[in-house]
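Residue numbers (the numbering used here): 709 to 837.
Think of the CB as a built atom: it goes at the ideal place given N, C-alpha and C, for glycine as much as any other residue.
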């Protein structure tokens, strides 16, 4: 589908994240499970399916937090913020409600999964930072 349809979207809410490569500077797109929030932002988890390393898109967001989200056919500019331990603890129960495997991925990988909040920017017409 060329990233236009996220097949897992029928099981869990999903989006396509557009980032700028941390090393290459090239545009990258990644389909991800997400948790839409009432304010129009999204939570995404760098689970990498329980692998030992963090997924590349998380390094991209850390280096270049301005990104895009395509959700339900609409592309919106966003700004990513890596959640600190307290913020992550506050949202973790909601994330595992949507995808219970996050707890298993943490256990198997032996690492602290990165959680980002993607907030629409003013350029997206929905407010934000």
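Whose C-alpha, out of 734, 735, 726 and 760, is nearest the C-alpha of residue 752? As a working mapping, residue 752 is identified with position 44 in the chain shown. If we check each option's Cα against that of residue 752, 726 comes out closest.
Specify, as a first and last residue, the run of the beta strand (DSSP E) that residue 753 falls within. By one-based count along the chain shown, residue 753 stands at place 45. Counting along the chain, the beta strand (DSSP E) containing residue 753 begins and ends at 750-754.
Taking just the CA atoms, how far does residue 788 sit from residue 824? Position 116 of the chain shown, counted from the start, is the residue given in the question as residue 824. Position 80 of the chain shown, counted from the start, is the residue given in the question as residue 788. Computed Cα separation, rounded: 6 Å.
Residue 774 - partner residues in DSSP beta bridges: Locating residue 774 in the chain shown gives position 66, where the first residue counts as 1. In the DSSP output, where bridge partners are listed per residue, residue 774 has 787.
Which first and last residues belong to the alpha helix (DSSP H) in which residue 801 is found? As a position in the chain shown, residue 801 is number 93, starting the count at 1. It spans 793-806 - the alpha helix (DSSP H) in which residue 801 sits, taken as one unbroken run.
Would you mind sorting residue 754 into buried or exposed? The rule is 16 or more other CB atoms within 10 Å of its CB. Along the chain shown, read from residue 1 onward, the residue named residue 754 stands at position 46. Residue 754 comes out buried.
Name the residue from 770, 772, 744 and 828 whose alpha carbon lies nearest to the alpha carbon of residue 805. Residue mapping note: residue 805 aligns to position 97 of the chain shown, counting from 1. Here the closest residue by C-alpha is 744.
Are the beta-carbon atoms of residue 777 and residue 723 separated by less than 8 Å? Counting from one through the chain shown, the residue named residue 777 turns up at place 69. Counting from one through the chain shown, the residue named residue 723 turns up at place 15. It is a contact, given that the beta carbons lie within the stated cut-off.
Whether residue 668 touches residue 763 by CB criterion (8 Å): Absent from the model: residue 668. The displayed extent of the chain is 709 to 837, so no value can be given.
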